[in-house]
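Engineer: Following the numbering used here, the numbering of the sequence shown begins with 549 at its first residue and continues without gaps.
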Amino acid sequence: MAVQVNLDKALDKAYEGKSLAEILDAPVAALAGVSDSDAEHLAAAFGIKTVRDLGSNKYFAVAGVLVALSKHAD
549 MAVQVNLDKA LDKAYEGKSL AEILDAPVAA LAGVSDSDAE HLAAAFGIKT
599 VRDLGSNKYF AVAGVLVALS KHAD
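In structure tokens:
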């Protein structure tokens with residue numbers, strides 16, 4: 549089954565319509581709301597340079613899991 553997702557609102561205009569591989573290899577500023585300055589801070593603090601780096605960063609992954617778990621906590 550093919551799945552189609554419209555990511556246009558999540559991406560900077562320059563990356564709308566790009567392939568998933570191109571987006572994952574793009575700088576984090578390709579994400580809507582992430583400025584070049586934000587991207588520089590992520591690179592300096594965590595070595596994050598691409599969308600793939602951000603998505604696979606262990607600290608961000610742990611934070612995401614904690615937020616998901618908090619929705620099921622008493």
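For glycine and all other residues, C-beta sits at the position ideal for the given N, C-alpha and C.
This structure is a prediction, so every number in the text was calculated from the model and none was measured.
Based on Cα-Cα distance, which residue from Ser567, Ala593 and Ala578 lies nearest to Phe608?
Structural biologist: Among Ser567, Ala593 and Ala578, the Cα nearest to that of Phe608 belongs to Ala593.
Engineer: Taking the beta carbon of Leu590 as the centre, do at least 16 other beta carbons fall within 10 Å, making it buried, or is it exposed?
Structural biologist: The residue in question, Leu590, is buried, as its Cβ has 16 or more Cβ neighbours within 10 Å.
Engineer: Could you work out which residue in Val576, Lys566, Gly595 and Met549 is closest to Glu587 when comparing CA atoms only?
Structural biologist: The residue asked about is misnamed: residue 587 is Ala in this sequence, not Glu. That would be Val576, whose Cα lies nearest to the Cα of Ala587.
Engineer: According to DSSP, Leu559 sits in a beta bridge with which residue or residues?
Structural biologist: Leu579, per the DSSP bridge assignment.
Engineer: Alpha carbon to alpha carbon, how far is Val551 from Val599?
Structural biologist: In a straight line, the C-alpha of Val551 is about 21 Å away from that of Val599.
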